[in-house]
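Following: one structure in structure tokens, then a few remarks.
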Amino acid sequence: MKIKIKKFQELTGTELYKILKIRAEVFVVEQECAFNDVDGKDYQCTHIFMEDENEEVVAYIRALPPGVSYENSSLGRVLVKKEYREKGLARQIVQEGINYLFNSENRKEITIGAQHYLENFYKSLGFKKISEVYLDDGIPHVDMTLKLKKSHI
Numbered sequence: 369m370k371i372k373i374k375k376f377q378e379l380t381g382t383e384l385y386k387i388l389k390i391r392a393e394v395f396v397v398e399q400e401c402a403f404n405d406v407d408g409k410d411y412q413c414t415h416i417f418m419e420d421e422n423e424e425v426v427a428y429i430r431a432l433p434p435g436v437s438y439e440n441s442s443l444g445r446v447l448v449k450k451e452y453r454e455k456g457l458a459r460q461i462v463q464e465g466i467n468y469l470f471n472s473e474n475r476k477e478i479t480i481g482a483q484h485y486l487e488n489f490y491k492s493l494g495f496k497k498i499s500e501v502y503l504d505d506g507i508p509h510v511d512m513t514l515k516l517k518k519s520h521i
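Here this note's numbering = 1-based position in the sequence shown + 368.
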């Protein structure tokens, strides 16, 4: 697997198309979310994605600077292509996002809006719950935060 980390302006047209395609497949089709995935935030994000040997995007996360979704930096749109799940790619792509924000962007805290059923997954990465469960596009979510520790450096 090849990992790519690119600011929006660095993405090729083909890469952007592949990212938006897999996001639509997972969030709109598979999870049946009727929302505008192209939310205007992508311009400000760093896009972190894994490609297989055929250069297909199989895992993805976007890193958002402070003030875009939360007061702190954030991670979002986390996904793994269906046929690549249960192989540890979700943990790997989220860890890439964490490392990017803490090490490359020198951020001190990350806040996320996690799907509630993934709360324990994010806890295993060090995130702590900071909100009650709420609905986002009909899906239960919870806000969580991760503060920089020496072990992240």
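We put the beta carbon where it would ideally sit given N, CA and C, even for glycine.
Can you list, in chain order, the residues of its chain whose CB lies under 6 Å from that of residue i, leaving out five sequence neighbours each side?
i	result
Asp410	Phe376
Lys372	Phe417
Leu447	Val394, Tyr428
Lys374	His415
Val436	Lys409, Gln412
Where do the N-terminal and C-terminal ends of the alpha helix (DSSP H) with residue i fall, by residue?
i	result
Phe489	487-492
Thr382	381-391
Arg445	Looking at the DSSP string, Arg445 is not in any alpha helix (DSSP H); the run it does join, the beta strand (DSSP E), is 441-448.
Do you know how far the Cα of residue j is from the Cα of residue i?
i	j	result
Val426	Lys476	28 Å
Glu439	Gln463	21 Å
Val394	Asn471	29 Å
Lys515	Glu473	14 Å
Ile466	Glu454	20 Å
Leu503	Arg459	24 Å
Ser441	Cys413	10 Å
Arg445	Asp407	11 Å
Leu388	Ala431	15 Å
Gly494	Pro508	20 Å
Going by beta carbon distance, what residues of the same chain come within less than 7 Å of residue i, once the five residues before and after it are set aside?
i	result
Val510	Ala482, His484, Glu487, Lys497, Ser499, Val501
Flag this pair as yes or no: are the beta carbons of residue i and residue j separated by less than 8 Å?
i	j	result
Glu419	Lys370	yes
Gly415	Leu379	Note on residue identity: the sequence assigns His, not Gly, to residue 415. Yes, these two residues count as a Cβ contact at 8 Å.
Ile461	Ile429	yes
Ile480	Tyr490	yes
Residue i lies in the beta strand (DSSP E); which residues open and close that run?
i	result
Gln483	477-483
Ala427	425-432
Ile373	370-375
Asn513	Note on identity: in this sequence residue 513 is Thr, with Asn being the wrong assignment. Here the beta strand (DSSP E) through Thr513 covers 507-515.
Glu419	414-419
Between residue i and the rest of its own chain, which residues show a CB-CB distance below 8 Å, the 5 nearest in sequence each way excluded?
i	result
Glu398	Lys450
Leu457	Met369, Met418, Val426, Ala427, Val448
In terms of DSSP beta bridges, what is residue i paired with?
i	result
Asp504	Ile507
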